[in-house]
Amino acid sequence: MAIKDLTRDLTKRIASSHIKWSLIIFFVILLFNFIFTPNFFHIEIKNGRFYGSIIDVFNRAAPVMLAAIGMTLVIATGGIDISVGSVMAISGSIAAVLIAKMDVPFWMVLCLPLVFSALLGAWNGLLVSYIGIQPIIATLILLVAGRGIAQLVTDGQIIVFEHPPFEFIAGGSLFGLHFPIIISFGVFLIILFLFKFTALGLFVESVGGNSEASKYCGINAGRIKLVVYIVSALCAGIAGLIAASNIKAADPNTSGDGLELNAILAVVIGGTSLNGGKYFLVGSVIGALIMQSLTTTILTMGVPVQVTLVVNAIVVLVVCLIQSKNFRDILAGIFKLDFRGLLRRMPLKGGNK
Amino acid sequence: MIESTPILQVKSLSKSFPGVKALAGVDLSVWTGEVHALMGENGAGKSTLIKLITGVYRRDQGEIIYNGEKVNFSSPREAQEKGISTVYQEVNLIPTLSVAENIFIGRFPPEGVKINWKSIKKSAEDSLKKLDLCLDVTQPLSSFPIAIQQMIAIARAVDFQAKVLILDEPTSSLDAKEVNLLFSIIRKLRDDGLGIIFVTHFLEQVYEISDKITVLRNGLLVGEFETQSLPRLELVAKMMGKDLEEFENTEKKLDSAVQVNGNRKNGKSFIQIRGFGKKGMIYPFDLEINKGEVLGLAGLLGSGRSEMAKLLFGIERADKGKIYIDKKAVSGSSPKFSIKKGMGFCPEDRKTSGIIEDLTVRENIMLAVQTRQGLFRKIAKKKQDEIVAQYIKALNISTPSPEQKIKNLSGGNQQKVIVARWLASQPRLLILDEPTRGIDVGAKAEIQKLILKLSREGMSILFISSELSEILRCSTRIAVLRDKVKVAEMMNQDIDESAIMQAIAEEDNGN
Ligand SMILES: Nc1ncnc2c1ncn2[C@@H]1O[C@H](COP(=O)(O)OP(=O)(O)OP(=O)(O)O)[C@@H](O)[C@H]1O
Ligand SMILES: [Mg+2]
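In the order they appear, the protein sequences are chains A and B.
Just so you know, the first sequence maps onto residues 8 to 360 in my numbering.
Just so you know, the second sequence maps onto residues 26 to 536 in my numbering.
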């Protein structure tokens with residue numbers, strides 16, 4: 008009984024919520040794979056760990072998911088952070104240098120990159136909230152300069168290392184799950200609860216919705232923005248550690264390339280408006296999963312390499328169209344009109360005027 | 026020739042929004058050469074009716090006949106081009122554009138491709154002059170207070186070659202002087218043969234200007250009446266759907282509350298302001314507000330009432346003067362700081378500095394309470410629901426649920442939510458800048474009663490309103506501002522309306 012009620016309540020809440028479209032799209036992609044990709048849902052256990060295409064989607068989605076989580080909050084305040092890719096590269100590079108060139112304890116290998124990422128986020132936040140530079144310009148500075156910083160850190164080289172504890176970040180597992188999955192969902196839960204169980208979430212939405220009115224309510228918009236840019240950079244920094252650990256190297260030039268675009272797309276697909284205001288963390292996570300499952304699907308379908316990007320773009324376009332209420336209204340309008348026209352043309356109904 | 030059909034006729038119009046039946050089978054007939062008042066409580070459906078006529082919303086059912094033809098405007102712009110000129114309740118001009126651009130947007134004089142800015146500037150100035158406004162029309166709209174913006178919106182609407190003029194609460198933030206000006210223009214347009222729809226919550230204005238009244242209640246048509254043959258109290262009763270007696274009772278209660286208020290002794294001083302001022306905003310002033318006192322601020326449009334409030338609350342930083350709270354000097358000036366010190370400020374412009382459109386009614390009410398509690402002590406959902414339910418009831422906020430987005434509420438109900446936000450934060454000093462703007466008669470009395478009750482319980486209130494009667498009703502003491510200078514301060518017992526009028530406008534008399 009209780010469970011029945013609970014599921015009914017849950018379905019009702021999902022049906023009326025903003026994330027329903029992203030959920031539907033995700034399931035459509037999964038359904039597509041269920042039909043056309045053999046063994047997509049096949050899961051096997053090797054060495055006490057789950058393997059399979061679907062697990063792979065979750066595993067590979069981790070960096071985009073992390074960046075999307077931070078990005079969601081930034082976008083909710085009415086901003087945008089296009090420097091996440093560079094921050095990711097910097098974080099990975101610092102970790103690699105610490106491992107390969109310096110003899111520091113392991114906890115410092117983990118902490119220093121993140122501390123530096125947070126500082127970079129604070130820099131973004133300061134530029135946006137206290138200097139008053141447009142977010143896209145403010146973070147563009149770091150987008151460009153960040154690659155330079157990463158190259159400075161590694162002296163312009165790709166640094167390769169071997170370090171089993173660090174490799175655990177991307178290669179290890181916990182409870183049978185790949186460690187990146189644990190990390191990304193861990194961060195997701197922490198942020199979700201941090202913003203829900205304090206008033207941070209409300210204040211973020213309030214600042215993004217109407218910053219003037221928020222000021223009258225005594226909300227310090229500058230400080231809220233500072234916090235979200237720091238969170239965003241921290242998330243990117245964690246993604247950088249995962250990436251470096253994954254390839255056992257730091258590549259200052261290509262690591263995190265295009266991450267900002269994927270993250271923004273994931274956020275938008277998840278239902279958060281670029282205008283700021285209401286945000287949907289769960290939606291962004293699903294958005295990241297949609298992006299990754301799409302890529303995986305296209306790869307496993309054997310679509311020729313030169314058209315993968317086009318296919319990707321088309322699907323993203325469709326997803327965004329479905330998300331748009333205007334578009335759905337237009338669609339509904341077209342179908343309704345035709346339906347009515349059909350009725351009118353039916354001889355049976357001739358006498359209704 | 027006597028025309029036998031109305032210029033604008035609406036037949037059994039219906040419109041639903043998710044969870045709300047906003048209009049159900051409403052009729053309205055507007056004839057040329059008449060001023061037709063559209064009356065009803067907050068959320069009755071007045072603005073929705075107007076937006077259906079001008080094509081902002083699509084109707085579910087019904088028909089609209091304009092100038093003898095069935096019409097179906099697909100956009101407000103089309104309606105405007107066909108001769109239905111509208112001033113919407115929320116000023117919907119573009120804040121960052123200049124006044125001249127706002128007046129001419131969408132209809133630049135067609136002189137080839139090039140826009141003749143000089144002639145636009147000139148004719149913008151001319152159309153404002155009709156409303157007795159002299160402004161620098163090259164300034165952005167947002168640099169003017171809401172009342173002036175409202176006047177600009179009216180000037181823009183009046184400027185069209187229109188057959189029908191629709192004014193949705195055009196006078197909500199205007200002073201008597203501007204209202205008189207507007208009315209003389211309305212009369213002139215009426216005599217020129219326009220059909221005019223006029224929405225307001227001010228009963229005096231309805232009786233002054235309108236020929237007919239259509240009353241709505243809860244989305245239903247109550248009826249159409251000749252203004253002359255509908256006594257004021259009966260009109261109120263029709264709007265509220267209550268007995269006359271019931272309304273008279275609340276009025277009586279309010280009056281007795283006012284009596285008590287007038288006779289009360291003042292408590293101890295709560296806040297003392299010494300030589301507070303800011304260049305270009307307001308000249309240095311002294312002010313003292315006692316515990317449990319309602320201090321009214323009177324003055325003309327632009328006399329510096331709102332500026333005084335903003336400075337006090339720390340929206341802007343004063344460059345002179347000191348504030349003492351409980352006899353202790355306080356330093357710091359930001360809204361956050363002021364809230365911490367126990368102040369609250371309900372600003373006059375609800376759209377830009379009040380509501381947060383995408384948040385729910387609950388979240389909008391809870392914001393100030395939450396900032397007072399602090400970031401980390403989130404108020405439990407259950408407690409929130411309690412507080413919200415309490416104020417929805419107390420102020421009679423009409424919303425399908427506390428989880429409705431505030432932008433979907435009617436204008437007056439949005440205002441009530443903002444007032445609720447600040448009442449809920451239980452400040453020690455509450456600054457109310459035009460708190461009853463756009464609020465219907467019933468709820469207005471409720472809010473005034475609440476103000477008196479709170480002050481009796483020890484809250485200090487600084488009360489700004491352009492309605493003198495309201496100030497007289499609620500305040501223990503009244504301070505008068507003129508041209509950004511505080512010119513007088515008087516006890517309410519000692520004076521009447523004419524005395525304040527004199528203080529407000531002395532200079533004009535002197536000339
Ligand atoms: N866009 C919308 N979405 C949902 N509900 C709406 C929307 N617009 C109006 N409503 C609802 O329709 C009803 C009528 O609103 P309307 O704005 O017409 O009232 P009104 O008579 O103009 O009130 P007021 O005097 O406060 O301006 C209200 O209950 C309101 O909540
Ligand atoms: Mg209205």
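Note that beta-carbon positions come from the ideal geometry of N, C-alpha and C, so glycine has one too.
For this session: Confirm the yes/no value for this check: CB of B:Gln175, any heavy atom of ligand 2, distance under 7 angstroms.
Result: Relative to the non-hydrogen atoms of ligand 2, the Cβ of B:Gln175 never comes closer than 7 angstroms to any of them.
Problem set entry | Cα-Cα separation, B:Ser523 to B:Ile464 | 25 angstroms
Exercise. Listed from N- to C-terminal order along the chain, which residues in the segment 313-328 of chain A have their beta-carbon within a distance smaller than 7 angstroms of any beta-carbon of chain B?
Worked result: none
Exercise. Short check: CB of B:Ile525 to CB of B:Val505, under 8 angstroms?
Worked result: yes
For this session: Have a look at B:Ile404 and A:Leu80 and give me their C-alpha separation to the nearest angstrom.
Result: 21 angstroms
Exercise. Among residues of its own chain, excluding the 5 on either side of A:Ile106, which ones have a beta-carbon nearer than 7 angstroms to its beta-carbon?
Worked result: Cβ neighbours of A:Ile106 beyond the five flanking positions: Val116, Phe168, His170 and Phe173.
Exercise. Unbroken alpha helix (DSSP H) runs of length 4 or more, entirely within the segment 287-361 of chain B: which are they?
Worked result: 330-338
Exercise. According to the Cβ coordinates, are A:Asn66 and A:His185 closer than 8 angstroms?
Worked result: yes
Problem set entry | Short-range partners of chain B found in the segment 211-228 of chain A, where Cβ spacing is below 8 angstroms | Within the segment 211-228 of chain A, the qualifying residues are Glu212, Ser213, Gly216, Asn217, Glu219, Ala220, Ser221, Lys222, Tyr223, Cys224, Gly225, Ile226 and Asn227.
Problem set entry | Proximity winner among B:Asp458, B:Leu160 and B:Asp521, relative to B:Ile443 (alpha-carbon distances) | B:Asp458
Exercise. In chain order, what residues of the same chain lie with their CB nearer than 8 angstroms to the CB of A:Arg436, ignoring the 5 residues before and after it?
Worked result: Only positions 8 to 360 of chain A appear in this structure, which leaves residue 436 of chain A out of reach.
Exercise. Taking buried to mean at least 16 other C-beta atoms within 10 Å of its own C-beta, is B:Ser494 buried or exposed?
Worked result: That one is exposed.
Exercise. Of the residues that make up the segment 377-393 of chain B, which ones have a beta carbon closer than 7 angstroms to any beta carbon in chain A?
Worked result: Thr377, Ser378, Gly379, Ile380, Ile381, Glu382, Asp383, Leu384, Glu388, Leu392 and Ala393
Exercise. Does A:Lys27 get closer than 8 angstroms to chain B when you measure Cβ to Cβ?
Worked result: no
For this session: Examine ligand 1 and report whether any of its heavy atoms sits within less than 7 angstroms of the Cβ of B:Gly437.
Result: yes
Exercise. Among residues of its own chain, excluding the 5 on either side of A:Pro311, which ones have a beta-carbon nearer than 8 angstroms to its beta-carbon?
Worked result: none
For this session: Count the other CB atoms, across all protein chains shown, that sit within 10 Å of the CB of B:Cys159; report buried if there are 16 or more and exposed otherwise.
Result: exposed
Exercise. When the distance is taken between beta carbons, is B:Asp236 closer than 8 angstroms to B:Thr225?
Worked result: no
Exercise. How far does the beta strand (DSSP E) with B:Leu158 in it reach, from first residue to last?
Worked result: Careful: B:Leu158 lies outside any beta strand (DSSP E) and carries neither H nor E.
Exercise. Within the 8 angstroms Cβ cut-off, does B:Asn288 reach chain A?
Worked result: In this prediction, B:Asn288 scores a pLDDT of 49, lower than 50, which makes its location untrustworthy; no coordinate-derived value is stated.
For this session: Can you give me the start and stop residues for the beta strand (DSSP E) that B:Ala47 sits inside?
Result: Val45 to Val55
Exercise. Over what stretch of residues does the beta strand (DSSP E) that includes B:Phe223 continue unbroken?
Worked result: Gly220 to Val224
Exercise. Does the Cβ of A:Lys203 lie closer than 7 angstroms to at least one heavy atom of ligand 2?
Worked result: No, since every heavy atom of ligand 2 falls outside the 7 angstroms radius drawn around the Cβ of A:Lys203.
For this session: Let me know the secondary structure DSSP gives B:Ser490 once reduced to three states.
Result: coil
Exercise. What residues from chain B crowd round A:Phe202, counting only those whose CB sits closer than 9 angstroms?
Worked result: Ordered by position in chain B, no residue passes the 9 angstroms Cβ test against A:Phe202, which lies about 10 angstroms from the chain.
Exercise. Among the residues of its own chain, which have a CB less than 6 angstroms from the CB of B:Pro101, if the five just before and after it don't count?
Worked result: Closer than 6 angstroms at Cβ, skipping near neighbours: Thr79, Gly80 and Val81.
Exercise. How is A:Val111 classed by DSSP in three states: helix, strand or coil?
Worked result: coil
Exercise. Does the beta carbon of B:Phe227 fall short of 7 angstroms from some heavy atom of ligand 1?
Worked result: no
Problem set entry | Interface partners of A:Thr205 on chain B, CB under 7 angstroms | Within 7 angstroms of the CB of A:Thr205, the CB atoms of chain B belong to Leu400, Phe401 and Lys403, in sequence order along the chain.
Exercise. When every heavy atom of ligand 2 is checked, does at least one fall within less than 7 angstroms of the C-beta of B:Asp458?
Worked result: no
Exercise. Just by C-beta distance, which residues in the segment 349-376 of chain B are closer than 7 angstroms to chain A?
Worked result: Pro360, Lys361, Ile364, Phe370 and Pro372
For this session: Going by CA-CA distance only, name the one from B:Lys107, B:Gly369, B:Val60 and B:Gln473 that's closest to B:Glu94.
Result: B:Lys107
Problem set entry | Which of helix, strand or coil DSSP assigns to B:Ile191 | Three-state result, B:Ile191: strand.
Problem set entry | the segment 61-75 of chain A / the segment 311-327 of chain A touching (three or more Cβ pairs under 8 angstroms) | Two segments are said to touch when three or more pairs of C-beta atoms, one from each, lie closer than 8 angstroms; by this definition the segment 61-75 of chain A does not touch the segment 311-327 of chain A.
Exercise. Considering only residues of the segment 61-92 of chain B, which uninterrupted alpha helix (DSSP H) runs meet the minimum length of 4 residues and lie entirely inside it, listed in chain order?
Worked result: 71-78
Problem set entry | Ranges of the beta strand (DSSP E) found wholly within the segment 96-148 of chain B, counting only runs of at least 3 | If you keep only unbroken beta strand (DSSP E) runs of at least 3 residues inside the segment 96-148 of chain B, you get 109-112.
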